[in-house]
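So the structure is just underneath, and the comments pick up after that.
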Amino acid sequence: MRVYPAVFALGLRRYSAYRAATFAGLLTNCVFGVINALVLLALFAVRPQINGYDSGDAVTQVFVAQSLIAAVAVMGPPLDLDERVRSGAVATDLLRPVSLTAWWLFDDLGRAAFQLLFRSVPTFGVGALLFDLRLPDCALRWTAVLASFALAVVVSFGLRYLYALSGFWLLDTRGVWAVAGLLGPVAAGMLLPLPLFPAAIGEVLRLLPWASMVQVPADVLLGKDTLPGGGVPGGLAVQAAWAVVLLALGAWTATRATRRVVVQGG
Amino acid sequence: MAETHAPAPERLAWTLRTYVRLAWTWCRALAQYPASLLLLTGMVVLASAAEMGAVAIVFGHAGTLVGFTVFEGLLVYALAATAFGCADLLMGSVERLGQHIRTGSFDAMLVRPVSPLVQLATDGFSPRRLGKVVPALAVLAVSLTVCDIDWTVSRALMLPVLLASSIALCCAVWLAASCTQFVATDAREAANSLTYGGQALTEYPLALYGRGIVRAVTFAVPLAFVSWQPALYLLDRPDPTGLPAALRWAAPAVAVLSCVLAAAAWRSGLRRYRSTGS
Chain A
3 MRVYPAVFAL
13 GLRRYSAYRA
23 ATFAGLLTNC
33 VFGVINALVL
43 LALFAVRPQI
53 NGYDSGDAVT
63 QVFVAQSLIA
73 AVAVMGPPLD
83 LDERVRSGAV
93 ATDLLRPVSL
103 TAWWLFDDLG
113 RAAFQLLFRS
123 VPTFGVGALL
133 FDLRLPDCAL
143 RWTAVLASFA
153 LAVVVSFGLR
163 YLYALSGFWL
173 LDTRGVWAVA
183 GLLGPVAAGM
193 LLPLPLFPAA
203 IGEVLRLLPW
213 ASMVQVPADV
223 LLGKDTLPGG
233 GVPGGLAVQA
243 AWAVVLLALG
253 AWTATRATRR
263 VVVQGG
Chain H
8 MAETHAPAPE
18 RLAWTLRTYV
28 RLAWTWCRAL
38 AQYPASLLLL
48 TGMVVLASAA
58 EMGAVAIVFG
68 HAGTLVGFTV
78 FEGLLVYALA
88 ATAFGCADLL
98 MGSVERLGQH
108 IRTGSFDAML
118 VRPVSPLVQL
128 ATDGFSPRRL
138 GKVVPALAVL
148 AVSLTVCDID
158 WTVSRALMLP
168 VLLASSIALC
178 CAVWLAASCT
188 QFVATDAREA
198 ANSLTYGGQA
208 LTEYPLALYG
218 RGIVRAVTFA
228 VPLAFVSWQP
238 ALYLLDRPDP
248 TGLPAALRWA
258 APAVAVLSCV
268 LAAAAWRSGL
278 RRYRSTGS
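Protein chains in written order, with the numbering used here: chain A, 3 to 268; chain H, 8 to 285.
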């Protein structure tokens, strides 16, 4: 199947067209990273340890979150599929002799690959220049971090694909996004690291798929033993499990949804 | 256009009336879907609650941060959230300038006999944003009652002046940041680092960012006058970063100056604007 690499490449190329927007986004990520990092540094200056987190862990997590914000699109933008369901253009997508899920997955992976290269890497680099970040010390752990970031992107697609498919029933996904754009950053550990939450809430949020987009990748990078199973392999396993479950759920929902489609006109 | 020859106060009144009328049109349009409007406003309220929760969690863990207790911290948060919330309600739509330029709808605004700034600011006016303002005002009221404030006559009189200044200052920040889109139409997110970034920055007592940043946001981009200087005045604290106490009286002047500068940026942007052509 050569079509999927082509869709991936086109997704990547499309995003590379907006250079000013990429630079502007990068600037915003860095500004927010610095603000959040300084707030947490002030907090940890008063309380050096909170639930196993110290200032280095917290500042590193802040920059993991800011680096991943564009790649995992936790606050949006939605997939283009949302608008195509609303306008009816999805009929064209359904005519193609390829899987709807795989088509949009590879399109989004192309977008995410661009964002990882040109938003995540520079943002994290700026963070590492300005602050004392906790970095993995061997190639194996860096590989685990890359795998974790990649899985975060797939989980993020799985969620956004489900939001988009809800449009087949709701017609407009703005309401879904209003809820998801609010719940997502909180549950992901983007607003604040989950260890700072009251323990009971933090534990529940860690089990939800949103945590696989920021909190788990951050813990994998930090090599925390609070990960499920007590270490990095457990964290990757949780992310992989959510990726599989969400993609399977998405594919199943897509077949249900397409059976309902009525295309008007002709 | 008769209005241009009318005396200044009349022109201003006419502009304000147009603003209200256009904003009201959008409110009525949105009210056609009452359930949707209520639910989405509820979501904005919850988002504000989450932000406030983050501030409360940070102060909850710390006890006191740079000498500010939880409620004093929430007072700073509420001042910032009120000012930015009101500015977002009144002027937030100007951040879509780049989009209007790209699609050509900005050209349509220029040929209508209404100030393009009023049209831009009211375009897509959303009463949903009250979902930011109302919770912020509630937190402000609570923290003003709970905090140990010496309510002299001058403090009671200064409170509305300080609030009006911070709202005007935030509107100026919003407009000035959006004017960069005259130069770089795609760079909307860069403006966000000043607007939403400014809000994130001023939600905490500025002293925790260190002296360098406090001086930068006092003298370069005067965000210190949104929440930090007003809070110092209300709580009657000496400035922990060592800046003179007289600064806290400067907020209204700073607000006026910022508005003048933002208006100048808007005018110069408008003058050098060449349509995208076709």
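In this text, a Cβ means the ideal position worked out from N, Cα and C, and glycines have one as well.
- Within chain A, the residues whose beta carbon sits less than 8 Å from that of M50/H are A180, V181, L184, listed in sequence order.
- In this model, G237/A and L42/A are separated by some 24 Å (Cα to Cα).
- Interface annotation, V74/A: not in contact with chain H, CB-CB separation never under 7 Å.
- Look at the region 41-67 of chain H: the residues with a C-beta under 8 Å from a C-beta of chain A are S43, L46, L47, M50, L53, A54, A57, E58, A61, I64, V65.
- At a cut-off of 7 Å between C-beta atoms, G27/A counts as an interface residue with respect to chain H.
- The beta carbon of T228/A does not come within 7 Å of any beta carbon belonging to chain H, so the residue lies off that interface.
- Counting only runs that start and end inside the region 168-204 of chain H, there is no beta strand (DSSP E) element of at least 3 residues.
- Within the model, the alpha-carbon separation for M98/H versus V5/A is close to 46 Å.
- Check the Cα spacing between F120/A and each of L249/A, F25/A, Y165/A: the tightest is with F25/A.
- Annotation for T94/A: the continuous alpha helix (DSSP H) segment containing it runs 92-97.
- With a 10 Å radius around the Cβ and a threshold of 16 neighbouring Cβ atoms, F226/H comes out exposed.
- With the rule of 3 Cβ pairs closer than 8 Å, the region 76-96 of chain H counts as touching the region 147-164 of chain H.
- Bounds of the alpha helix (DSSP H) holding V52/H are 41-69.
- When P99/A, D84/A, S122/A are compared, the shortest CA-CA separation from V64/A is found for S122/A.
- At least one CB of chain A lies nearer than 7 Å to the CB of S200/H.
- Separation of the CB atoms of I52/A and L184/A is rounded to 24 Å, and the pair is thereby denied contact status at 8 Å.
- For R136/H, same chain residues with a beta-carbon under 6 Å away, outside a window of 5 residues either side, are D95, L96 in chain order.
- In the DSSP annotation of this structure, the continuous segment of the alpha helix (DSSP H) that includes G27/A starts and ends at 21-48.
- In the three-state reduction of the DSSP assignment, Y165/A falls in the helix class.
- Residue pairing by DSSP places V76/A opposite G78/A in a beta bridge.
- Following the DSSP letters along the chain, one finds C34/H inside the alpha helix (DSSP H) bounded by residues 15-37.
- In summary, R24/H is exposed, with fewer than 16 beta-carbon neighbours lying within 10 Å of its beta-carbon over all protein chains present.
- Here Y280/H carries a coil assignment [DSSP, helix/strand/coil].
- DSSP, read as helix, strand or coil, puts I156/H in coil.
- The count of Cβ pairs closer than 8 Å, one atom from the region 97-113 of chain H and one from the region 49-63 of chain H, stays below three, leaving the stretches out of contact.
- The beta carbon of T103/A sits closer than 8 Å to the beta carbons of Y163, L249, G252, A253, A256 from its chain, once the five residues preceding and following it are set aside; these are given in chain order.
- Using a Cβ-Cβ cut-off of 7 Å, D193/H counts as an interface residue toward chain A, since at least one Cβ of chain A sits closer than that to its own.
- 7 Å or more divides the Cβ of A262/H from the Cβ of S161/H.
- Neighbours of Y211/H in chain A, taken as residues whose beta carbon is under 7 Å from its own, are V41 in chain order.
- Residues of the region 83-99 of chain H with a Cβ closer than 9 Å to any Cβ of chain A: none.
- Between the C-alpha atoms of A194/H and A23/A there is a straight-line separation of about 5 Å.
- Residue environment analysis places S89/A among the exposed positions, since fewer than 16 neighbouring C-beta atoms fall within 10 angstroms of its C-beta.
- Contact annotation for L45/A against chain H: V65, F66, H68, A69, L72, L215 [CB-CB distance below 9 Å, chain order].
- Chain-order list of chain A residues neighbouring L104/H: empty, with the shortest C-beta distance near 14 Å, by a criterion of under 8 Å.
- As the crow flies, the alpha-carbon of A238/H is around 20 Å from that of L40/A.
- Remark: C-beta atoms of Y17/A and F116/A approach each other more closely than 7 Å.
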